[in-house]
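Asker: The structure's right below; bear with me while I get my questions together.
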Amino acid sequence: MLNESTLRDLAHAVLHASRADETEVVLLATHARLTRFANNEIHQNVAEHNLEVRIRVVKEKRVGIAIGNGATREAVLKTLEQAETLAATTPPTPDWPGLPHDPRPTPETLTWSDATAEATPETRADLVGSVCRTADAAGQVASGALETNTQALYIANSHGVERYVPRTVASFVTVVMSDTGSGYAAGAHRDLHAIPIANLGREAVETATCSRNPIDLEPGVYDVVLDAYAVADILSFVCSLGFSGQAFAEGRSFVSGKLGEQVLGENITIIDDGLSPDGLPLPIDFEGVVRQQLPLVENGVARAVAWDSRWAARAGTESTGHALPAPNWWGPVPLHPHLAPGETPRDALMRHVERGLYITRFNYTRTVNPGRVIVTGLTRDGAFLIENGEIVAPIKNLRFTQSYVEALQNVVALSRERRTLASFGTVGAMKVPAAVIRNFTFTGKTQF
Amino acid sequence: MQDLVQRAVDTAVALGATYADARIVHQRQQNILVRNSALETLEETESLGIGVRVVVDGAWGFSSSHLLTPHEIDHVVAEAVRIARASARVQKQAVRLGPPVTSRGFYQTPIQEDPFAVPLEEKVALLLQADAAMRRVEGVRITLSKMAAMREHKVFANSEGALTEQVLYESGGGIQALAVGNGDVQQRSYPGLFAQQQVTGGFEHVRSLDLVGNAERIAHEAVELLHAPVAPSGTFDVIIDSTQLALQVHESCGHPIELDRVFGTEAAFAGTSFLTPDKLYTLRYGSEVVNIVADATAPLGLGTFGWDDEGVPAQRVDIVRNGRFVGYLTSRETAQHLHDLVPNAPPTSNGTMRADGWNRIPLIRMTNINLEPGTWRLEDLIADTEHGLYLEMNRSWSIDDKRLNFQFGVEVCREIKNGQLGQLYKNANYTGITPEFWNACDAVCNADHWTLWGVTNCGKGQPMQLSHVGHGAAPARFRGIRVFGTQ
Numbered sequence: 038m039l040n041e042s043t044l045r046d047l048a049h050a051v052l053h054a055s056r057a058d059e060t061e062v063v064l065l066a067t068h069a070r071l072t073r074f075a076n077n078e079i080h081q082n083v084a085e086h087n088l089e090v091r092i093r094v095v096k097e098k099r100v101g102i103a104i105g106n107g108a109t110r111e112a113v114l115k116t117l118e119q120a121e122t123l124a125a126t127t128p129p130t131p132d133w134p135g136l137p138h139d140p141r142p143t144p145e146t147l148t149w150s151d152a153t154a155e156a157t158p159e160t161r162a163d164l165v166g167s168v169c170r171t172a173d174a175a176g177q178v179a180s181g182a183l184e185t186n187t188q189a190l191y192i193a194n195s196h197g198v199e200r201y202v203p204r205t206v207a208s209f210v211t212v213v214m215s216d217t218g219s220g221y222a223a224g225a226h227r228d229l230h231a232i233p234i235a236n237l238g239r240e241a242v243e244t245a246t247c248s249r250n251p252i253d254l255e256p257g258v259y260d261v262v263l264d265a266y267a268v269a270d271i272l273s274f275v276c277s278l279g280f281s282g283q284a285f286a287e288g289r290s291f292v293s294g295k296l297g298e299q300v301l302g303e304n305i306t307i308i309d310d311g312l313s314p315d316g317l318p319l320p321i322d323f324e325g326v327v328r329q330q331l332p333l334v335e336n337g338v339a340r341a342v343a344w345d346s347r348w349a350a351r352a353g354t355e356s357t358g359h360a361l362p363a364p365n366w367w368g369p370v371p372l373h374p375h376l377a378p379g380e381t382p383r384d385a386l387m388r389h390v391e392r393g394l395y396i397t398r399f400n401y402t403r404t405v406n407p408g409r410v411i412v413t414g415l416t417r418d419g420a421f422l423i424e425n426g427e428i429v430a431p432i433k434n435l436r437f438t439q440s441y442v443e444a445l446q447n448v449v450a451l452s453r454e455r456r457t458l459a460s461f462g463t464v465g466a467m468k469v470p471a472a473v474i475r476n477f478t479f480t481g482k483t484q485f
Numbered sequence: 396m397q398d399l400v401q402r403a404v405d406t407a408v409a410l411g412a413t414y415a416d417a418r419i420v421h422q423r424q425q426n427i428l429v430r431n432s433a434l435e436t437l438e439e440t441e442s443l444g445i446g447v448r449v450v451v452d453g454a455w456g457f458s459s460s461h462l463l464t465p466h467e468i469d470h471v472v473a474e475a476v477r478i479a480r481a482s483a484r485v486q487k488q489a490v491r492l493g494p495p496v497t498s499r500g501f502y503q504t505p506i507q508e509d510p511f512a513v514p515l516e517e518k519v520a521l522l523l524q525a526d527a528a529m530r531r532v533e534g535v536r537i538t539l540s541k542m543a544a545m546r547e548h549k550v551f552a553n554s555e556g557a558l559t560e561q562v563l564y565e566s567g568g569g570i571q572a573l574a575v576g577n578g579d580v581q582q583r584s585y586p587g588l589f590a591q592q593q594v595t596g597g598f599e600h601v602r603s604l605d606l607v608g609n610a611e612r613i614a615h616e617a618v619e620l621l622h623a624p625v626a627p628s629g630t631f632d633v634i635i636d637s638t639q640l641a642l643q644v645h646e647s648c649g650h651p652i653e654l655d656r657v658f659g660t661e662a663a664f665a666g667t668s669f670l671t672p673d674k675l676y677t678l679r680y681g682s683e684v685v686n687i688v689a690d691a692t693a694p695l696g697l698g699t700f701g702w703d704d705e706g707v708p709a710q711r712v713d714i715v716r717n718g719r720f721v722g723y724l725t726s727r728e729t730a731q732h733l734h735d736l737v738p739n740a741p742p743t744s745n746g747t748m749r750a751d752g753w754n755r756i757p758l759i760r761m762t763n764i765n766l767e768p769g770t771w772r773l774e775d776l777i778a779d780t781e782h783g784l785y786l787e788m789n790r791s792w793s794i795d796d797k798r799l800n801f802q803f804g805v806e807v808c809r810e811i812k813n814g815q816l817g818q819l820y821k822n823a824n825y826t827g828i829t830p831e832f833w834n835a836c837d838a839v840c841n842a843d844h845w846t847l848w849g850v851t852n853c854g855k856g857q858p859m860q861l862s863h864v865g866h867g868a869a870p871a872r873f874r875g876i877r878v879f880g881t882q
C-alpha cells in the first residue's frame, strides 16, 4: 500500500504546483480483494490495486475537477493541469463558498485491523468454504461474497487541511437456497474477526430450511416483524432522502422546515456516528472536515441534517463533515446511521403481533415518492406468517408500497440486539435493531 | 499496450495457467451538470490499468493494477495465479471454456464529431441555455441539464491467440425539471430514461437532441403534473411509450435471459431467473407480436462493440421470436453448461461478456436488447383504444429477484377516452407478472416510432459494476393491466 509519506509527497506536489486560488487533493489508495461463491463453490475471486487522484481547483470562483489514477508525480501534475484547464474555461459559480478550513485534529478512532489487512486468498477461501460445506450438508446451495480491503485516504487543501486515514473494510454476505426457500445473512466491520461468518452461514441455512414450501398469502395491510436487514433498508432511505442537507435546502425532504418537530415515532432515535469503531468508521469526510457525531432524530424529533461545506454555506450554517467525493449528485449524506435499540429481546418481538408477517429483508427497493419516502420493493430470503405471536408458515414473497416515514411512525418495539451492516457500499456502516411495525402495506405478490 | 497484455498472458501460462487473458483499458470520461442556473459539475476522469484473468487448477483467479510497469504486471499475474489456486480449494467443477477464441482485429465506433474536441464553453453554454428556458416557467424549483462523453481504448489478448483493439466513443445529454409544492415533487425528463439519451457516437448526436427546444415544454409539464389529480386505480388497457417500454424490456427480459443468473452465479446479489433452461424453446414468453433480439451490432447502441471482453465477436441473436422464448445471453463457460442441458442450444458464446473497466472481470451483460418494431402508427393505436391510459417515461422501477413481479411508476399518465388522449394524471404505477404482461401485448408501433435508448446505470456483480446497455422500443399496447395511483 502507498504509505503516508508517499501520499503526502504527491499531495504536496499538487498544492505546490497549482496556480489556482484554491486547490484540494483527495488521494484514495485501495487494495481490494473479494472472494465470491455460488453453487457451493468459488466462481469469482478478484483483486484490485488502484490509486484514485481527485483534484479540485478554484480560480476566480471557477471550479474544475479532474480525476486520474496515476501514481507518479508527473501523473498527478497532469491531472492538476486538466483540472486547471477545466476551471479556466467555465463560468464562475457565484455562490462558491470556498474550500473548507478545519483546524481540528483528526478524531482518534480505530479504523484499522491487522486481521483484515493480512487476510490472504487462502483465508477467504477457507472462510467461505465453511459456509459452502454447511449449506452442502443441509442439501442447500450457498452463494455470497467476502471482501477484505485496505485503503489509505489522504486529503489536503490549500487552506491547510491535511488528513491521513488508513482504513480496513471487511464485509460478508450470503444467500442460501433450499429447494423452495432461501435465507440471508450479512455483516460488516473493520475487523474481519468481528464478523461471525460461520454463524451467519448457519443462520442463512436455518432460514432457508424454515422457508421451504411457502404458502400463498394475499397482499394487504399487516403488522410486521422486520429483521434488522429489512430495517436497514428503511433507515438507509429515510436518511439519504430525508437527512441530506441538499434535499432539506431544496424543500424535497420530509424534514424540510421541520427541525425541532416530531416527525417519527417517540421511540425512534437516530444518530449518525462515523467515529464508532464497531463498524466501518471514517472520522473525516471527503473534504477533510471532521465528521460530527450527529443526532438526526431524538425520540422522534428531527434535530439535524447532514451538511457539506457547499450546501451548508448556501443554508447559512456549518459543515457537519458529511461531504461525499466531489462532484456528486446526492449532496451530503449520513453514511453511518445508528438506530437506537429498544429493550425487547429479538426473539420476543413476535409476541407483539397477533396476526402479521416476519420478514428477513427487502429486495430491489426503489423510491415511488421521494417527498414522503414512499418505497416499493419485495420481501426476499424468508417471509413468514405470524399468528398469536408465533410463526405458523412460510409465505411466498410479497410486494409492498409503503411510506418509510410512516413506518417509522408506527414502530411499537425495537430489539435490544443490533446488527452492524455495510452502508453506501462499504463506505459506511449502520447499526440496526429488528423492529415491530404496525400497518405495513403490501400491494402485490409474486410466485415464489 | 499489445506488448504488455501479451507479456501478462505469457507469464500466466509460464506460471501454470491453462487459460489466461489480459485487458489494458484506458477510459476517459467527461461529465457536465448545470443545476439551477449554475455549473454544478465539470469533471474529467481518466483511468488506466490492466486486468489479468487466469484459470489454474481448473479455477478462476483475477488481479488488476493501475500500474503498467513490467514488474507490476508480473506481480499482478502472480497474484491472479495464487488467487486461482485458492479458488480451487472450494471448487466442484473445473472451468470449461469450449472451443478456443482467436479473434484478431481493430474496431472503432463510427463518429462524425469527437465529443472531446468540442469546446467546453460551447457545451456549457448549451446547457445553461436549456436551464434558462426551464427556469422561465413559473413553479419550477429544480432544473438539471447534463452532458456526458466517454472514450474507451482497450487491448485484449488471450492464451489462445486472440488479440483485439477497440476504441469506443459515447456521447449523451438530457434535461430534467422538478416542481415542488404541497409536500409533492413532480418531475419531467427529456429525452430518455433518467433524463438522458446516450449512444455510441459522436457529439453530432447531442446536437440532434434539441435540449433547448424541449426545455420549456417539459418545465410546463412538471408544473402541470403538480396540480394534476392522482392516477385512477383499476385494470386498464395501457399504451406504454418507448422510453418506459425500454426499461420494461431491460428489467423483465434483459436480466432474466442472462445465463449466469439462470445458473445461480448472481444469486447473492442480483438474484436468479424464472427463465430456467427447461423453458428454452418451449415457453410462450409473449404474444405473437412480441419479437426481441440481442443485437450488439446495432448502430448507436450502448451495447454495440467489436468483440466482447472474452474476445468473442459482436452478434445479433434472437431472444423471443413470435412470442416464443428462444435464446439467452451467454458466455464461453455458460454456453458449455447450457449445451449439456439443452443439446439444441449452441455450445459457443454469443458474445456478451463485458467488464466496466480494467479492474473488473467480465460478466454476462445485456448488449442491445431490442423489442422489434411492429406495424401500427401511434395515432392509429390511440384511436383504436376505446378506454385506457397512456403511460410515459419512467419514474420508479422494481422487480423481484427472479424477474417475475414488477412495478413501474411513470412521470406522465394520460387518459385515453374514445380513442383520444385526455385528462393528465400524476403518480401512476403499473404492475404485473412478466410472461402474463408480455402475453397481454396486442400491438407494437412501427419503425417510425422506434428508438434505441441508452441505459448507463445497469448494476450487477460483486464488486458492483455499472454497464452501459441499449434497448430499442416503440410504443406498444397491453390489455388488462393493473394500474394504481399513489398519493
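Protein chains in written order, with this note's numbering: chain A, 38 to 485; chain B, 396 to 882.
Here a beta-carbon is modelled for each residue, glycine too, at the ideal position from N, C-alpha and C.
In this text the structure is predicted, and so the values were computed from the model without any measurement.
Inspect the CB distances between the segment 371 to 387 of chain A and the segment 460 to 472 of chain A and report whether three or more fall short of 8 Å.
Answerer: The segment 371 to 387 of chain A vs the segment 460 to 472 of chain A: in contact.
Asker: Quick check on DSSP: helix, strand or coil for A:Asn406?
Answerer: Locating residue 406 of chain A in the first sequence gives position 369, counting from the first residue. Three-state DSSP puts A:Asn406 in a strand.
Asker: Could you check what DSSP says for B:Ser862 in three-state terms: helix, strand or coil?
Answerer: For the purposes of this step, residue 862 of chain B is taken as residue 467 along the second sequence, with counting starting at 1. Three-state result, B:Ser862: strand.
Asker: May I ask you to list, following chain order, the residues of the segment 360 to 372 of chain A that have a beta carbon less than 9 Å from some beta carbon of chain B?
Answerer: Ala363, Pro364, Asn365, Trp366
Asker: Select from A:Pro140, A:Phe285, A:Ala156 the residue whose C-alpha is nearest the C-alpha of A:Asn503.
Answerer: Residue 503 of chain A falls outside the range modelled here, since chain A spans only 38 to 485, and no answer is possible.
Asker: Does any residue of chain B have a CB that is nearer than 7 Å to the CB of A:Leu263?
Answerer: Counting from one through the first sequence, the residue named residue 263 of chain A turns up at place 226. By this cut-off, A:Leu263 is not an interface position.
Asker: Does DSSP put A:His389 in a helix, a strand or coil?
Answerer: Counted from its first residue, the first sequence places residue 389 of chain A at position 352. Three-state result, A:His389: helix.
Asker: At 9 Å on the CB atoms, spell out the chain B contacts of A:Arg289, in chain order.
Answerer: Translated into positions along the first sequence, residue 289 of chain A becomes position 252. Those within 9 Å of A:Arg289 in chain B are Arg536, Ile537, Leu573, Val575, Val580.
Asker: With a cut-off of 7 Å, does the C-beta of A:Ile102 fall near any C-beta of chain B?
Answerer: In the first sequence, counting from the first residue as 1, residue 102 of chain A sits at position 65. With 7 Å as the cut-off, A:Ile102 counts as an interface residue toward chain B.
Asker: With distances taken from CA atoms, which of B:Gly804, B:Gly769, B:Glu767, B:Asn800 is nearest B:Tyr785?
Answerer: Position 390 of the second sequence, counted from the start, is the residue given in the question as residue 785 of chain B. Per the Cα distances, B:Gly804.
Asker: Under 8 Å, CB to CB, which of the residues in the segment 398 to 430 of chain A have a partner in chain B?
Answerer: Listed by position along the chain: Asn400, Tyr401, Thr402, Arg403, Thr404, Val405, Asn406, Pro407, Gly408, Arg409, Ile411, Thr413, Gly414, Leu415, Arg417.
Asker: When you compare only the Cα positions, how much space is there between A:Glu61 and A:Ala269?
Answerer: Taking the first residue of the first sequence as 1, we reach residue 61 of chain A at position 24. Taking the first residue of the first sequence as 1, we reach residue 269 of chain A at position 232. Between A:Glu61 and A:Ala269, the C-alpha separation is close to 34 Å.
Asker: Pairing CB atoms from the segment 249 to 263 of chain A with CB atoms from the segment 316 to 325 of chain A, are three or more of them under 8 Å?
Answerer: no
Asker: Determine the burial state of A:Ile252: buried for a count of at least 16 other Cβ atoms within 10 Å of its Cβ, exposed for fewer.
Answerer: Residue 252 of chain A sits at position 215 when you count from the first residue of the first sequence. Exposed, by the Cβ-count rule.
Asker: Label B:Thr464 either buried or exposed according to how many other C-beta atoms from any shown protein chain fall within 10 Å of its C-beta, with 16 as the threshold for buried.
Answerer: To locate residue 464 of chain B, count along the second sequence from 1; it is residue 69. Exposed.
Asker: If the criterion is Cβ atoms closer than 7 Å, does the pair B:Ala641 and B:His866 meet it?
Answerer: Position 246 of the second sequence, counting from 1, holds the residue named residue 641 of chain B. Position 471 of the second sequence, counting from 1, holds the residue named residue 866 of chain B. The answer is yes: Cβ separation under 7 Å.
Asker: Could you tell me whether any Cβ in chain A is nearer than 7 Å to the Cβ of B:Gly769?
Answerer: The sequence position of residue 769 of chain B within the second sequence is 374, counting from 1. Chain A, which has no Cβ nearer than 7 Å to the Cβ of B:Gly769, makes this no.
Asker: Rounded to whole angstroms, what's the CA-CA distance from A:Asn304 to A:Gly379? Just pull it up for me.
Answerer: Indexing the first sequence from 1 puts residue 304 of chain A at position 267. Indexing the first sequence from 1 puts residue 379 of chain A at position 342. Taking the straight line joining both Cα atoms gives about 8 Å.
Asker: Please report how far the alpha carbon of B:Ile777 lies from the alpha carbon of B:Leu588, in whole angstroms.
Answerer: In the second sequence, the residue the question calls residue 777 of chain B occupies position 382. In the second sequence, the residue the question calls residue 588 of chain B occupies position 193. If I take the Cα positions, the gap works out to 23 Å.
Asker: Are there 16 or more other CB atoms within 10 angstroms of the CB of B:Gln503, so buried, or fewer, so exposed?
Answerer: Taking the first residue of the second sequence as position 1, residue 503 of chain B is located at position 108. Counting of Cβ neighbours within 10 angstroms places B:Gln503 among the exposed residues, the total staying below 16.
Asker: Should B:Pro651 be labelled buried (16 or more other beta-carbon atoms within 10 Å of its own) or exposed?
Answerer: Counting from 1 along the second sequence, the entry for residue 651 of chain B is found at position 256. B:Pro651 comes out buried.
Asker: Keeping to the same chain, check which residues put their C-beta closer than 7 Å to that of A:Lys295; ignore five residues upstream and five downstream.
Answerer: Position 258 of the first sequence, counted from the first residue, corresponds to residue 295 of chain A. Same-chain partners within the cutoff: Ala339.
Asker: Residue range of the alpha helix (DSSP H) that A:Phe274 falls in?
Answerer: The residue you call residue 274 of chain A lines up with position 237 of the first sequence. Start and end: 265 to 274.
Asker: Is DSSP giving B:Leu521 helix, strand or coil here?
Answerer: For the purposes of this step, residue 521 of chain B is taken as residue 126 along the second sequence, with counting starting at 1. Helix at B:Leu521.
Asker: Residues in the segment 161 to 191 of chain A with C-beta within 8 Å of chain B's C-beta atoms, listed in sequence order?
Answerer: So the close ones are Arg161, Ala162, Asp163, Val165, Gly166, Cys169, Val178, Ser180, Gly181, Ala182, Glu184.
Asker: Taking B:Gly629 as the query, report the chain A residues whose CB atoms sit under 8 Å from its CB, ordered along the chain.
Answerer: Your numbering for residue 629 of chain B matches position 234 in the second sequence. Result: empty, since nearest Cβ-Cβ is about 14 Å, beyond 8 Å.
Asker: Is the CB-CB distance between A:Arg239 and A:Thr171 below 7 Å?
Answerer: Here residue 239 of chain A is taken as the residue at index 202 of the first sequence, counted from 1. Here residue 171 of chain A is taken as the residue at index 134 of the first sequence, counted from 1. Against a cut-off of 7 Å, the Cβ pair of A:Thr171 and A:Arg239 comes out as a contact.
Asker: Any contact of the segment 677 to 691 of chain B with the segment 513 to 528 of chain B, i.e. 3+ C-beta pairs under 8 Å?
Answerer: no
Asker: Interface residues of chain B around A:Gln81 at Cβ under 7 Å?
Answerer: Here residue 81 of chain A refers to the residue found at position 44 when the first sequence is read from its first residue. Simply Trp455, Ile756.
Asker: Strictly below 9 Å CB to CB, what residues from chain B border A:Lys482?
Answerer: Position 445 of the first sequence holds residue 482 of chain A. Neighbours of A:Lys482 on chain B, chain order: Asn800.
Asker: Out of B:Val721, B:Val633, B:Ala663, B:Glu781, which one is the CA nearest neighbour of B:Leu675?
Answerer: Position 280 of the second sequence holds residue 675 of chain B. Looking at the Cα atoms, B:Val721 is the closest of the given residues.
Asker: Mind checking who B:Pro627 pairs with in its DSSP beta bridge?
Answerer: For the purposes of this step, residue 627 of chain B is taken as residue 232 along the second sequence, with counting starting at 1. Paired residues: none, contrary to the question.
Asker: Give the interface partners of B:Gln478 over in chain A, defined as CB-CB distance under 7 Å, in chain order.
Answerer: Counted from its first residue, the second sequence places residue 478 of chain B at position 83. Before going on, a small fix: residue 478 of chain B reads as Ile here, not Gln. Chain A residues near B:Ile478: Asn82, Ala84, Pro158.
Asker: What is the C-beta distance between A:Pro134 and A:Ala350, in whole angstroms, given that I count them as a contact (C-beta under 8 Å)?
Answerer: Taking the first sequence and counting its residues from 1, the one referred to as residue 134 of chain A is at position 97. Taking the first sequence and counting its residues from 1, the one referred to as residue 350 of chain A is at position 313. Rounded, the Cβ-Cβ distance is 3 Å, consistent with contact.
Asker: Taking all protein chains shown into account, decide if A:Val258 is buried (16 or more other Cβ within 10 angstroms of its Cβ) or exposed.
Answerer: Taking the first residue of the first sequence as position 1, residue 258 of chain A is located at position 221. A:Val258 is exposed by the Cβ-count criterion.
Asker: What separation, rounded to the nearest whole angstrom, lies between the Cα atoms of A:Val292 and B:Arg772?
Answerer: By 1-based counting over the first sequence, the position of residue 292 of chain A is 255. By 1-based counting over the second sequence, the position of residue 772 of chain B is 377. Using only the alpha carbons, I get a separation of about 47 Å.
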